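Numbering (the numbering used here), first residue to last: 1029 to 1548.
#1: The alpha helix (DSSP H) spanning residue 1516 covers which residue range?
#2: Could you give the distance in angstroms between the alpha-carbon of residue 1045 and the alpha-carbon of residue 1292?
#3: Here's a check: name, in chain order, each residue in its chain whose Cβ is nearer than 8 angstroms to the Cβ of residue 1422, leaving out the five neighbours to either side.
#4: Could you check where the alpha helix (DSSP H) with residue 1456 kicks off and where it finishes?
#5: Give me the Cα-Cα distance between residue 1033 and residue 1506, rounded to the nearest whole angstrom.
#6: Count the other CB atoms within 10 Å of the CB of residue 1266; is the residue buried (16 or more) or exposed (fewer)?
#7: Does the contact criterion of 3 or more C-beta pairs under 8 angstroms hold for the stretch 1431-1441 versus the stretch 1241-1248?
#8: For residue 1077, count the other beta carbons within 10 Å of its own beta carbon; 16 or more makes it buried, fewer makes it exposed. Which is it?
#9: Hey, which unbroken runs of the alpha helix (DSSP H) at 4 residues or more fall wholly within the stretch 1202-1290?
#10: Ignore the nearest five residues each way along the sequence and tell me which others in residue 1376's own chain have a CB closer than 6 angstroms to its CB.
#11: Classify residue 1106 as buried or exposed, calling it buried when 16 or more other Cβ atoms lie within 10 Å of its own Cβ.
#12: So, residue 1428 versus residue 1510, is the Cβ gap smaller than 8 angstroms?
#13: I think residue 1051 touches residue 1178, with their Cβ atoms under 8 angstroms apart; what is that distance to the nearest whole Å?
#14: State the beta-bridge partners of residue 1356 as determined by DSSP.
#15: Given a threshold of 16 other Cβ atoms within 10 Å of its Cβ, counted over all protein chains shown, does residue 1276 qualify as buried or as exposed?
#16: Following the continuous alpha helix (DSSP H) through residue 1168, name the residue where it begins and the one where it ends.
#17: Taking 7 angstroms as the cut-off, does the CB of residue 1129 come closer than this to any heavy atom belonging to the ligand FMN?
#18: Going by beta carbon distance, what residues of the same chain come within less than 6 angstroms of residue 1126, once the five residues before and after it are set aside?
#19: Helix, strand or coil for residue 1364 per DSSP?
#20: Could you give the first and the last residue of the continuous alpha helix (DSSP H) run that contains residue 1346?
#21: Can you confirm whether the stretch 1231-1246 touches the stretch 1161-1173 when touching is taken to mean that 3 or more C-beta pairs between the two stretches lie within less than 8 angstroms?
#22: Alpha carbon to alpha carbon, how far is residue 1294 from residue 1288?
#23: Let me check understanding here. Comparing Cα to Cα, which of 1175, 1193, 1309, 1041 lies closest to residue 1213?
#24: Would residue 1374 pass as an interface residue toward chain E - the criterion being a Cβ-Cβ separation below 8 angstroms?
#25: According to DSSP, simplified to helix, strand and coil, what is residue 1526?
#26: Would you say residue 1133 and residue 1419 are within 8 angstroms of each other, going by their C-beta atoms?
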């Protein structure tokens, strides 16, 4: 690595936090604005793709940008991702049809796929070992805060300005981030610029993930799970991924170096990201559904429902990083996994007569368990991995978390749907099929509530509550699988004072290389 002048850490961190906030906000800010957008643009049958297009593009691009950043410099691809994200944001605000908005959201998602993983990688690069835990915790807290801010900001701009500003607000903030990173972040550049981009592997990887995500997004909605289309997508994803594996084994600069998975700590970190992602999405989906559907009208704003959980996420993310210098990764994550098990067990007991304050307490416990992973996994995943693989590894953490969320929301959604139907059959054996809504979100509609007789509505609400409780009972298994991967982490601790460890703003010269051209 060639040494360059030192980065200005405070201004660099400010620029990175702004970029991370924008990328994270755009996963949630559109939710409360969608009714208004649908009223203006139409396209009710397509609106789910406004979310799906962003997610799919985001997931596909993460490992690709991570690898390119390792090969040609993180600053270059961070700035490129930020520019693409801002272009997508500007285009979203000019949308005149739902199709245009979907396409522009995909462009946004590509840019976001660079910002999220590269932000955490740069944080690791610019801070010395003893400060990395606190720094990663701070950035994890930003990620948690965005989950609360997103819906609230979307509602504010939609009600008091216009919906286009949920996208236009990214431009001034993005420009500030762009200027700060351009002027104050001075990374080292990779020595080996002769490695060729694995284009074949990149294309096959992208195709496999797109097939998988399309299957998950379309299954049970546009097509039945056993339809030829969905089965074909899953088969195509499996075949393409097997092909990708063999392509990567022969590549000189693979997008995903599979030998990384020989490390037990690395594999455990990826497993934790996957299962914690599934738990987080289950909470973000079904707790608001329970609070708004069962506690009728008690949730005055959809954006505020998750606030207790996200406050727990922010608190545990900010503080757990402080213990990384003194305790092993496993010991810290055991505390987290224990909280998750307790929280899922408690949430599995919710019913129509559960007090609102008690559900809030369960949410806080769940948030405290989830937030710990952000600083811990960000560091454990790159432990003993050489400088030139940090971008790939950090992007894989985000990748597995997103895939876990996608699989989790699909599997748990199917379980909740069947549980709701079965419970209503038990409660109303004579007319269950006529009264069971195809989408449980319909139960939140005031129009639907007024149209259904009270005695039937009461039974529907009981069915909804019991079906959501069943989802969290199933989530206990997900939490247990996360605990299993926590146990696999062994006794590894954050390494302080490694030989040749990178100084803030300086080079990482001389760092031990644990993975060299596909070998651990």
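We put the CB at the ideal spot given by N, CA and C, even for glycine. From a predicted model like this one, the values you see are computed outputs, not experimental measurements.
Reading it off the structure:
#1: Where residue 1516 is concerned, there is no enclosing alpha helix (DSSP H), given that its DSSP letter is neither H nor E.
#2: Distance between the alpha carbons of residue 1045 and residue 1292 is about 31 angstroms.
#3: These residues qualify, in order along the chain: 1094, 1145, 1146, 1148, 1149, 1152, 1406, 1409, 1410.
#4: No alpha helix (DSSP H) contains residue 1456, which DSSP labels as neither H nor E.
#5: In a straight line, the C-alpha of residue 1033 is about 46 angstroms away from that of residue 1506.
#6: By the neighbour-count rule (16 or more Cβ atoms within 10 Å), residue 1266 is not buried but exposed.
#7: In this structure the stretch 1431-1441 touches the stretch 1241-1248; the number of beta carbon pairs closer than 8 angstroms is three or more.
#8: By the neighbour-count rule (16 or more Cβ atoms within 10 Å), residue 1077 is buried.
#9: Correct list: 1227-1246, 1256-1278.
#10: Excluding positions up to five away in sequence, the list reads 1497, 1500, 1501.
#11: Counting of Cβ neighbours within 10 angstroms places residue 1106 among the buried residues, the total reaching 16 or more.
#12: If you check the CB distance, residue 1428 and residue 1510 do not come in under 8 angstroms.
#13: Contact flag wrong, Cβ pair sits at about 11 angstroms.
#14: Residue pairing from DSSP places residue 1356 in a beta bridge opposite 1521.
#15: The residue is buried, with at least 16 neighbouring Cβ atoms inside 10 Å.
#16: Start and end: 1157-1188.
#17: Ligands displayed in this structure: none; no statement on the ligand FMN is therefore possible.
#18: Once the five neighbours on either side are set aside, the close Cβ partners of residue 1126 are 1069, 1071, 1074.
#19: Of the three classes helix, strand and coil, the one that applies to residue 1364 here is helix, per DSSP.
#20: Its alpha helix (DSSP H) spans residues 1335-1348.
#21: Touching, no.
#22: Spanning the alpha carbons of residue 1294 and residue 1288 requires a straight line of approximately 7 angstroms.
#23: Nearest of 1175, 1193, 1309, 1041 to residue 1213, Cα basis: 1041.
#24: The chain inventory of the structure shown lacks chain E, comprising one protein chain alone.
#25: Here the model assigns residue 1526 a pLDDT of 43, short of 50, so the residue's position is not dependable, and the following value carries that caveat. Annotated three-state conformation of residue 1526 is coil, per DSSP.
#26: No, these two residues do not count as a Cβ contact at 8 angstroms.
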